[in-house]
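Residue numbers (mature numbering (1 follows the signal peptide of the UniProt record, and there is no 0)): -17 to -1, 1 to 570.
Just so it is clear, CB atoms sit at the ideal spot from N, CA and C, and this is done for glycine as well.
Reading through the C-alpha cells given below for one structure.
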Amino acid sequence: MQLLQLLPLALLPGIWASCQKVPVATTRNGTYVGRYLAEFSQDLFLNIPFAKAGRLENPSPYDESWEGLRSAEWYGNICPCPASPRSIRNANVTGKSDDCLNLNIIRPSQGTLKRKDEKLPVAVWLYGGGFADGFGADLNSNFSWIVQASVAQDMPIMAVTLNYRVGFLGFPGGNEVTAAGVTNLGLKDQRQALRWVQENIEAFGGDPHKVTVWAQSAGANSVAYQLLAYGGKTDEKLFRGAIMSSGSIGIGNAVRPNREDAVQGYQAILNATNCLGAEDTLDCLRTAPLDQVFDAGEATTTRPTWWPTVDGDFIAHPPSEQLEAGDFPHDVSILAGTNDDEGFVLANLLGPATGTEDELRQLLKTAFKFARNKTIEAVLWAYPSDVPSPPYALPMSATPRFCSALEAINKTCGGVQYRRLAAITGDYGLIHGRRDMARKFASLNMTAYTYRFDTWPISFPIQTQYETQPGFGGHSTEYSYFFRFPRDYELYGNNPPVAKSSSHLALSHAISAMLIAYVYTGDPNSVLIPNVPTWPKYSVDKPSNLVLNATEVPDVLNIHIEPDTWREEGMALWAKYPLELDLAMGW
C-alpha cells in the first residue's frame, strides 16, 4: 500500500493535518500511531510486525506486547532481495534485514466514509517477482489510488501489503533444509500475515470475514499454494476471495526440496560462506554475515533452485494432483486471468534466437529434461508453426516487423519458431493453470471469474525501459490499468504506464471498478459500468472469459465475452503430463 512516491512530499510544510487527525489503533499486542495522508484523505499504519523468525527458521506469531503508543509512521525493513536501490529509495524503507516480517495498512480516513460504523472489506496484496524478488512497499503496488477510487465508488475498502522472504532465504532447499523442516518459508510468512489480519484487522476498521487476497505473478501462484496448504484439510478461513493476475496453479509438480540442483546449490552456498565444514551447516548459515549468505544464494539461482517445493508439509502433494482431487477449501471464490503475450518473458530467457523447428525441438528437450521424445513431439504437434501463436496477439504476418523491433533493443529473434516458443511457454507457465483452476472450481459449483487482458500499453517502437519483453500484452502490462495509476506515475521493471489514450484510461477505470466491487461484495458485477457486459461465472458447459480490450478509437472500449476453449490440444498436454513437462527441469 505504497505511498512510495508520496512519502517525500510528506516532508513539506503544510502537507500533514493537525494532530487531531493522527490515526490510532489498538491491537492484541498494543497501540499503534499511524500517519494521515492529506493528498488522499487516507490513514497509514506502516511497519507493523506480524511474525518473528530467525534466518532460515519457520515464522511464529508476533507475541511481543507493550503499553503506551508505538509509532507506525514509516516503512520498516524489507527482506533481502535484489530490488533496485532506486525503487527501495523511493519507497523510503529502512533497509534489508532478516528482521523483515512486517506489514502496512492503508485505509480511508473516517471523515471520507458515508457509513461511519461500517467494517471495511480488506485487500491483502502478495507481490510477484518469481519468488526471488519483491517487497511490500514496492512502488508498483501502490494502493492509494484503488482505495481512493473505492470511496468514490461508495464501496470503500482498505488494503494491506506485507513482506515475505524470497530467494534462498525464503525458499531454501537441500538435505539439511528438508531434515530441519524449514522449507517454503516465504509461503509460511504469507500465512502468518493472513492469520494476523484475521486476529487484528478489526482494530483498524477492517472486516476479517471479508478478506480478499490480491496478487500477481508469483504472488498469484502463492494464492494457489495457500488454497492447497497442508493438503487443503485445514479449517482456517483466512480469505473469502482471491484476485489472481498472471499466476495460478499447475507448475512445480516435480520440485522437491532435496532435488539435485537444490543439494548442489546448498553446497555452493556453504562453500561461499565458509560453512562447508561446520558441524551444523544451517546454524552456521544463520550466523554468517547476511550479505554473504544472500549473495551466495543469488549466485546459485537458476529456476527453480529456490522455489516453492512439494515438501510433504505445506505443499503436501503435487499441486495439479491436489487440484484434480479437489483437496482445497470450497468456500472461496477466485477472479483470475492472464495477458495475451505472457510467454514472451520465458521465451526471451530460453531461446529468442530459435530459428528452426529442430532447434526448437532440442531446446524443449533440454528444458523438459524428464520428458520422453514422444511427449516433446506431442507438444510440437499441438503448437504448429502455421497458426497464430499466441492466437490473439500480433499476427504471424507481422513477424518481420516484430523481429525488427526486438533487434532495435539488441535482442535476437528467431521469427516464427520464437513466436511458437512463446505460445508454448505462456501456456505452460501461466495460462493453462488459470484454465484448469477455473474449470475445477466450476465442476464443484464454486465461483470463478476469468479474464484475458487483450490490450497493448506499448506498441512500436518498443521502449527500451521495458526491454525484457517486446511490448504488447506481455507479463505485468496490466499493472497500471488494474491499480488505476495516473500516466505520470513512475513504475519499474516490465510495467508500462497506461497508454496515452482516452479508451485506455476508460479501460483502467472499468476494470479497477470491477475489482473493487469484487473485493467489496465478492461479485465484480455489483458495480454498473456503461457498455460493459455482465461478467459471467465460469461454467463447465459454457467456459467464458471477459476480454479486456482498449481500442485505439477515443473513448471506445471493446470489453466482450469469449469462449475459453482456444488451443485445447496444447492446454490438455500440461495436465496430461504434469511431471514430464514441469519446472523440475531447471529453468
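Report task. Identify, in the order they occur along the chain, each residue of the same chain with its Cβ nearer than 6 Å to the Cβ of Trp49, setting aside the five sequence neighbours on each side. Result -> Gly13
Query raised in the report: Taking the C-alpha atoms as reference points, what is the distance between Phe28 and Lys348?
Result: 50 Å
**Report entry** The beta strand (DSSP E) enclosing Glu545, as first and last residue numbers
**Finding:** His543 to Pro546
Query raised in the report: Would DSSP call residue 581 helix, strand or coil?
Result: The structure shown does not extend to residue 581, since the chain is modelled only from -17 to 570, so the question has no answer here.
**Report entry** Pairwise C-alpha distance: Cys258 and Ile317
**Finding:** 44 Å
Report task. Can you say whether Trp557 is buried or exposed, counting buried as having 16 or more other CB atoms within 10 angstroms of its CB? Result -> buried
Query raised in the report: Taking the alpha carbon of Leu562 as the point to measure from, which residue in Tyr472, Arg418, Thr358 and Lys483 has its own alpha carbon closest?
Result: Thr358
Query raised in the report: Just checking, does the stretch 182 to 193 make contact with the stretch 319 to 335 on the three C-beta pairs under 8 Å criterion?
Result: no
Query raised in the report: For the beta strand (DSSP E) that contains Ala106, what are its first and last residues?
Result: Leu103 to Leu109
Requested in this report: Flag this pair as yes or no: are the beta carbons of Tyr19 and Ala34 separated by less than 8 Å?
Outcome: no
Query raised in the report: Cα separation between Cys64 and Leu490?
Result: C-alpha separation (whole angstroms): 33 Å.
Requested in this report: Go ahead and pull the three-state DSSP assignment for Asp565.
Outcome: coil
Query - Check whether Arg422 and Asn528 have beta carbons under 8 Å apart - result: Against a cut-off of 8 Å, the Cβ pair of Asn528 and Arg422 comes out as no contact.
Query raised in the report: So, helix, strand or coil for Gly320, using DSSP?
Result: Here Gly320 sits in strand by DSSP.
Query raised in the report: Does the beta-carbon distance from Glu545 to Val530 come in below 8 Å?
Result: yes
Query raised in the report: Helix, strand or coil: how does DSSP classify Ser54 here?
Result: strand
Query - Element boundaries [beta strand (DSSP E), containing Gly189] - result: Gly189 to Gln199
Query raised in the report: Just checking my contact of Ala203 with Ser231 at CB under 8 Å: how many whole Å lie between their CB atoms?
Result: Correct: roughly 6 Å between the Cβ atoms.
**Report entry** Under the three-state DSSP convention, the category Asn41 falls into
**Finding:** Coil, per DSSP.
Query raised in the report: How should Pro537 be labelled, buried or exposed, when 16 other C-beta atoms within 10 angstroms of its C-beta is the threshold for buried?
Result: exposed
Requested in this report: Could you name the residues of the same chain whose beta carbon sits closer than 8 Å to that of Pro507, not counting the 5 residues immediately before and after it, in chain order?
Outcome: Leu318, Tyr432, Met497, Leu498, Ala500, Tyr501 and Trp518
Report task. Determine which residues share a DSSP beta bridge with Pro32 and list them. Result -> Asn85
Query raised in the report: Terminal residues of the continuous alpha helix (DSSP H) containing Met420?
Result: His415 to Ser426
Requested in this report: Just tell me which of Trp439, Ala482, Ile140 and Ile88 has its CA closest to the CA of Thr95.
Outcome: Ile140
Query raised in the report: Considering only C-alpha positions, which residue in the set Arg403, Asn87, Pro513 and Glu390 is nearest to Val362?
Result: Arg403
Query raised in the report: Among Cys62, Gln93 and Ile89, which residue has its Cα nearest to the Cα of Cys83?
Result: Cys62
Query raised in the report: Roughly how many angstroms lie between the CA atoms of Gly454 and Asn60, to the nearest whole one?
Result: Bear in mind that a pLDDT of 48 at Gly454, under 50, signals an unreliable position, so the model cannot answer this.
Query - Contact between the stretch 125 to 141 and the stretch 158 to 175 (3+ Cβ pairs under 8 Å) - result: Pairwise C-beta distances place the stretch 125 to 141 out of contact with the stretch 158 to 175, as fewer than three of them are shorter than 8 Å.
Query raised in the report: With a cut-off of 8 Å, do at least 3 Cβ pairs link the stretch 155 to 164 to the stretch 119 to 128?
Result: no
Query raised in the report: Given a threshold of 16 other Cβ atoms within 10 Å of its Cβ, counted over all protein chains shown, does Glu461 qualify as buried or as exposed?
Result: buried
**Report entry** Lys216 versus Asp296: straight-line alpha-carbon distance, rounded
**Finding:** Approximately 12 Å, taken between the alpha carbons.
Query raised in the report: Once you ignore the five residues that flank Trp290 on each side, which residues in its own chain have a CB closer than 6 Å to its CB?
Result: Result list for Trp290: Phe114, Phe154 and Val238, in chain order.
**Report entry** Rounded separation between Asn356 and Ala142 - CA only
**Finding:** 48 Å
Requested in this report: Could you check if Gln93 is buried or exposed, using at least 16 other CB atoms within 10 Å of its CB as the buried criterion?
Outcome: Gln93 is classed as exposed because its beta carbon has fewer than 16 other beta carbons within 10 Å across all chains shown.
Report task. Closer than 8 Å by C-beta to Gly17: which residues in its own chain qualify, once you throw out the five before and the five after it? Chain order, please. Result -> The residues are Val5, Pro6, Val7, Ala8, Asp26, Leu27, Phe28, Leu29, Ala55, Glu56 and Ile88.
Report task. Hey, could you find the ends of the alpha helix (DSSP H) Val160 is sitting in? Result -> Asn158 to Ala163 is the extent of the alpha helix (DSSP H) around Val160.
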